[in-house]
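**Q** Heads up: the sequence shown runs through residues 673 to 1149, numbered per our numbering. For each residue, glycine too, the CB sits at the ideal point set by N, CA and C. This one's a predicted model, so the numbers in the text were calculated from it and none came from an experiment. Before I ask anything, let me first share the structure, which is written out below as structure tokens.
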Amino acid sequence: MYKGTLEPTRIFTHYLGRCKLDKVLSHISQYVSDITYEDLPADITHQTKRLWLDTLACTPRAFSSPPVQIGVTLAEMSSSKSPATVLWGQQQTTAEMAAFVNSSMVRYLDFNDFYQGPEAKESGHPSDAFPSALSVAEQERVTGKEVLLGSVIAWEIYARLADRVPFRDYGFDQSIAIAIASTCSACKVMGLSQDETANAIALTTASNITLGEVRFGEVSMWKGCAAANGVRNGVFSASLAKQGMTGPLNIFDGPRGFFHGISGEFELGKFGGKEEPFRIMQASMKHFAVGSVAQTALECILELRSDIDSIHKISEVEVRTFQFGVNVMADVREKWSPLNRETADHSLPYCVAIMLLFGEINDDYFSDGYLGDETVRELMKKINVVSDESATQLFPEKRVSKVLIRMDSGVEHYAELGYHKGHPSNAMSDVEVENKFREQTDIYLNESQANKIISQWWTLDTQRDLSSLVSSLVIQK
673 MYKGTLEPTR IFTHYLGRCK LDKVLSHISQ YVSDITYEDL PADITHQTKR
723 LWLDTLACTP RAFSSPPVQI GVTLAEMSSS KSPATVLWGQ QQTTAEMAAF
773 VNSSMVRYLD FNDFYQGPEA KESGHPSDAF PSALSVAEQE RVTGKEVLLG
823 SVIAWEIYAR LADRVPFRDY GFDQSIAIAI ASTCSACKVM GLSQDETANA
873 IALTTASNIT LGEVRFGEVS MWKGCAAANG VRNGVFSASL AKQGMTGPLN
923 IFDGPRGFFH GISGEFELGK FGGKEEPFRI MQASMKHFAV GSVAQTALEC
973 ILELRSDIDS IHKISEVEVR TFQFGVNVMA DVREKWSPLN RETADHSLPY
1023 CVAIMLLFGE INDDYFSDGY LGDETVRELM KKINVVSDES ATQLFPEKRV
1073 SKVLIRMDSG VEHYAELGYH KGHPSNAMSD VEVENKFREQ TDIYLNESQA
1123 NKIISQWWTL DTQRDLSSLV SSLVIQK
């Protein structure tokens, strides 16, 4: 707690009297401060529950992964008088460290949601920020409604920033937007004022500029943790602001601010609520645990595979897709010779080869045995990934893939797809979302345990004590 001559609330009055919030910071902080749970229509809360189940499905198989276990080790070194929980391991730690580890789990398998709205200039995975709401809600001992509201806010802020700022084009990473979104979520769950929220956002924005190199070339462990670091720092910034810490309030339009250093000037426009649609309804879920840009290509491969009598008789596989997909998953030579999981799940040639050979793709196929398999490597040499102008014109609303497989005999097999399973225009049903959770947890939970968790999250708005909700998420087998 600040021990100077001014109490925290008076610090902000004193500081804000001398500093005027810039337009973007004022707009975001006002929205976060004003929105309430009662502003959320039933379809929005239902969609958020769907996304939470989808997000949780991504976590248990990631718990034992090296980057997550590094985070668990550090989390076990941190304690709090009001702790939050590391999911599946049940370690008690600070809200910041719980948010970091849980978000690392969400991202590791590359299986959680992504944003591809028609106005989007940046993609990314807004549910990376969900652990902010849960960890802070557990720390603050509030209810499931606060978790839902914080999650909607995180998704909305992330998507609206993605609509305006093509981070990759400027050499940066979308984790910047995740950090800001997580801060907004944490501030709301903590019940901070607009002034406190503005300072928290300023602290985060000034301190979480992530370089785009984390997601290109031979990809490191940090690919799955960069966003999680933003989530951790978002929670920390909110906690600092709650205690009276001030931040640079011209962080966006100041002479050395966000506009000048990163994005150029922009306006965010209206946020979701009242007559404006919430962006969370444009969420895409994943059918395959690989990069989002590969989803339609893999569905095409799965469709064509049944027509091929022998994979070994293939002479060439041509994948024509949008330029962004080529840039992300077929950009450098490492994508044709991946040496680790992080590079392989962002390698379109590798994912296509695995799907052709085995008719499925899951975490097992990113092990060293498959990464070094000569049959996989030889098939990858026959795969050509090409930018397609018509597909590029339809991006981001559609992620079109056109797959042509030529056989040694001269026979050709062709498939084309624009909306993958999980796209808002080809959405997963509630039952399919539940089944994704069951499939990803079946080696850890029995049917009764899985049913209990699913029921708890469908009724998140009625959960007044989060301890039961969180304690159910433990590896049992």
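Report the rounded CA-to-CA distance for R1078 versus Y830, giving the unit in angstroms.
**A** What you label residue 1078 is simply residue 406 of the sequence shown in a count that begins at 1. What you label residue 830 is simply residue 158 of the sequence shown in a count that begins at 1. Going from the Cα of R1078 to the Cα of Y830 covers about 42 Å.
**Q** Under the DSSP definition of a beta bridge, which residues are partnered with V1075?
**A** Taking the sequence shown and counting its residues from 1, the one referred to as residue 1075 is at position 403. Paired residues: V991, A1087.
**Q** With G929 and I923 assumed to form a contact (beta carbons below 8 Å), what rounded beta-carbon distance in angstroms separates them?
**A** Counted from its first residue, the sequence shown places residue 929 at position 257. Counted from its first residue, the sequence shown places residue 923 at position 251. Sure, about 5 Å apart at Cβ, within 8 Å.
**Q** Are the CB atoms of A801 and G902 nearer to each other than 9 Å?
**A** Walking along the sequence shown from the start, residue 801 turns up at place 129. Walking along the sequence shown from the start, residue 902 turns up at place 230. The answer is yes: Cβ separation under 9 Å.
**Q** Where does Y787 sit, in a helix, a strand or coil, going by DSSP?
**A** Counted from its first residue, the sequence shown places residue 787 at position 115. In the structure shown, Y787 sits in a strand (DSSP, three-state: E or B).
**Q** For T877, list the residues DSSP reports as bridge partners.
**A** Numbered from 1 along the sequence shown, position 205 holds the residue referred to as residue 877. According to DSSP, which records beta bridges pairwise, T877 is partnered with nothing at all.
**Q** Go ahead and label A872 buried or exposed: buried means 16 or more other beta carbons lie within 10 angstroms of its beta carbon, across all protein chains shown.
**A** Mapped onto the sequence shown, residue 872 falls at position 200. That one is buried.
**Q** Could I get the ranges of all uninterrupted beta strand (DSSP E) runs contained in the region 696–753, with 3 residues as the minimum, in chain order?
**A** none
**Q** Does the distance from the C-beta atom of V824 to that of I952 stay below 9 Å?
**A** Within the sequence shown, numbered from 1, the residue matching residue 824 stands at position 152. Within the sequence shown, numbered from 1, the residue matching residue 952 stands at position 280. Contact: yes.
**Q** Taking the straight line between their C-alpha atoms, what separation do you get for Q762 and C856?
**A** In the sequence shown, the residue the question calls residue 762 occupies position 90. In the sequence shown, the residue the question calls residue 856 occupies position 184. When rounded, the distance between both Cα atoms is 26 Å.
**Q** Hey, Y1037 and I1026 are a contact pair by Cβ (cut 8 Å); roughly how many whole angstroms apart?
**A** Here residue 1037 refers to the residue found at position 365 when the sequence shown is read from its first residue. Here residue 1026 refers to the residue found at position 354 when the sequence shown is read from its first residue. The pair is a contact, with the Cβ atoms about 5 Å apart (cut-off 8 Å).
**Q** Around the Cβ of T720, are there at least 16 other Cβ atoms within 10 angstroms (buried) or fewer (exposed)?
**A** For this step, residue 720 is matched to residue 48 along the sequence shown. So T720 ends up on the buried side.
**Q** Report all residues from its chain with a CB closer than 6 Å to the CB of A756; omit the five preceding and five following residues, and keep chain order.
**A** For the purposes of this step, residue 756 is taken as the residue at position 84 of the sequence shown. Within the same chain, A756 has close Cβ partners A767, A770, S807, E810, Q811.
**Q** Cutting at 7 Å between CB atoms, please list the residues of its own chain near E948, excluding the five before and the five after it.
**A** On the sequence shown, residue 948 is found 276 positions in, with the first residue counted as 1. Hits under 7 Å: K942.
**Q** Return helix, strand or coil for T766, following the three-state DSSP convention.
**A** Looking up residue 766 in the sequence shown gives position 94. Three-state result, T766: coil.
**Q** How many whole angstroms separate the CB atoms of W827 and P798, which I take to be in contact at a CB cut-off of 8 Å?
**A** Position 155 of the sequence shown holds residue 827. Position 126 of the sequence shown holds residue 798. At roughly 4 Å, the Cβ-Cβ gap stays under 8 Å, so W827 and P798 are in contact.
**Q** For R813, is the classification buried or exposed, using 16 other Cβ atoms within 10 angstroms of its Cβ as the cut-off for buried?
**A** As a working mapping, residue 813 is identified with position 141 in the sequence shown. Exposed, by the Cβ-count rule.
**Q** What are the partner residues of S1059, as DSSP defines its beta bridges?
**A** Against the sequence shown, residue 1059 aligns to sequence position 387. Paired residue(s): T993.
**Q** Among the candidates N1034, W760, G1090, whose CA atom is the shortest distance from the CA of V965?
**A** Along the sequence shown, read from residue 1 onward, the residue named residue 965 stands at position 293. The residue with the shortest Cα to Cα distance from V965 is G1090.
**Q** What is the DSSP secondary structure of G869, reduced to helix, strand or coil?
**A** Working through the sequence shown from its first residue, we reach residue 869 at position 197. The amino acid occupying residue 869 in the given sequence is Thr; Gly does not appear at that position. In the three-state reduction of the DSSP assignment, T869 falls in the helix class, which pools H, G and I.
**Q** What residue does the alpha helix (DSSP H) around S978 start on, and which one ends it?
**A** Residue 978 sits at position 306 when you count from the first residue of the sequence shown. S978 -> no alpha helix (DSSP H), and no H or E assigned at all.
**Q** Let me know if P738 comes out buried or exposed under the rule of 16 or more other beta-carbons within 10 Å of its beta-carbon.
**A** Start at 1 with the first residue of the sequence shown, and residue 738 comes out as number 66. Residue burial annotation: P738 is exposed, with fewer than 16 other C-beta atoms found within 10 angstroms of its C-beta.
**Q** Is the CB-CB distance between E1105 and L746 below 9 Å?
**A** Along the sequence shown, read from residue 1 onward, the residue named residue 1105 stands at position 433. Along the sequence shown, read from residue 1 onward, the residue named residue 746 stands at position 74. Position check: residue 1105 holds Val in this sequence, whereas Glu was assumed. Not closer than 9 Å, so no.
**Q** Taking D1114 as the reference, give the member of V1072, F783, T717, A729 with the closest Cα.
**A** Counting from 1 along the sequence shown, the entry for residue 1114 is found at position 442. That would be A729, whose Cα lies nearest to the Cα of D1114.
**Q** Near Y780, what residues of its chain come up, given a Cβ to Cβ distance below 8 Å and the 5 sequence neighbours on each side ignored?
**A** In the sequence shown, the residue the question calls residue 780 occupies position 108. The answer, listed in chain order, is C730, A734, S737, P739, V740, G896.
**Q** Do you know offhand how far S1039's Cα is from E937's?
**A** Position 367 of the sequence shown, counted from the first residue, corresponds to residue 1039. Position 265 of the sequence shown, counted from the first residue, corresponds to residue 937. Their Cα atoms are separated by approximately 44 Å.
**Q** Take V1048 and list the residues in its own chain whose beta-carbon comes closer than 8 Å to its own, dropping the five residues that flank it on each side.
**A** Within the sequence shown, residue 1048 is the residue found at index 376, counting from 1. For V1048, where only same-chain residues beyond five positions count, the Cβ hits under 8 Å are Y1022, A1025, I1026, L1029, Y1042.
**Q** T815 and D1137 - do their beta-carbons sit closer together than 9 Å?
**A** Looking up residue 1137 in the sequence shown gives position 465. Looking up residue 815 in the sequence shown gives position 143. A contact, by the Cβ cut-off of 9 Å.
**Q** Taking the alpha helix (DSSP H) that W894 falls in, what are its first and last residues?
**A** Stepping through the sequence shown from its first residue, residue 894 is reached at position 222. First-last for W894: undefined, no H or E at that position.
**Q** Counting C-beta neighbours from all protein chains within 10 Å, is the total for Q1065 16 or more, i.e. buried, or is it exposed?
**A** Stepping through the sequence shown from its first residue, residue 1065 is reached at position 393. When all chains shown are included, Q1065 counts as exposed.
**Q** Taking the straight line between their C-alpha atoms, what separation do you get for G822 and G863?
**A** Stepping through the sequence shown from its first residue, residue 822 is reached at position 150. Stepping through the sequence shown from its first residue, residue 863 is reached at position 191. Going from the Cα of G822 to the Cα of G863 covers about 11 Å.
**Q** Rounded to the nearest angstrom, what separates V1142 and W894 at their Cα positions?
**A** Here the question's residue 1142 lines up with position 470 in the sequence shown. Here the question's residue 894 lines up with position 222 in the sequence shown. Cα to Cα, the separation comes out at about 26 Å.
**Q** Using CA atoms only, rank isn't needed, just tell me which of I1147, S935, S701, Q1135 is closest to I881.
**A** Here residue 881 is taken as the residue at index 209 of the sequence shown, counted from 1. It is S935.
**Q** Within 10 angstroms of its Cβ, does K1124 collect 16 or more other Cβ (buried), or is it exposed?
**A** In the sequence shown, counting from the first residue as 1, residue 1124 sits at position 452. So K1124 ends up on the exposed side.
**Q** Bridge partners for I850 per DSSP, in chain order?
**A** Within the sequence shown, numbered from 1, the residue matching residue 850 stands at position 178. According to DSSP, which records beta bridges pairwise, I850 is partnered with nothing at all.
**Q** With R1005 as the anchor, note down where its alpha helix (DSSP H) starts and where it stops.
**A** What you label residue 1005 is simply residue 333 of the sequence shown in a count that begins at 1. From DSSP, R1005 is part of no alpha helix (DSSP H); its letter is neither H nor E.
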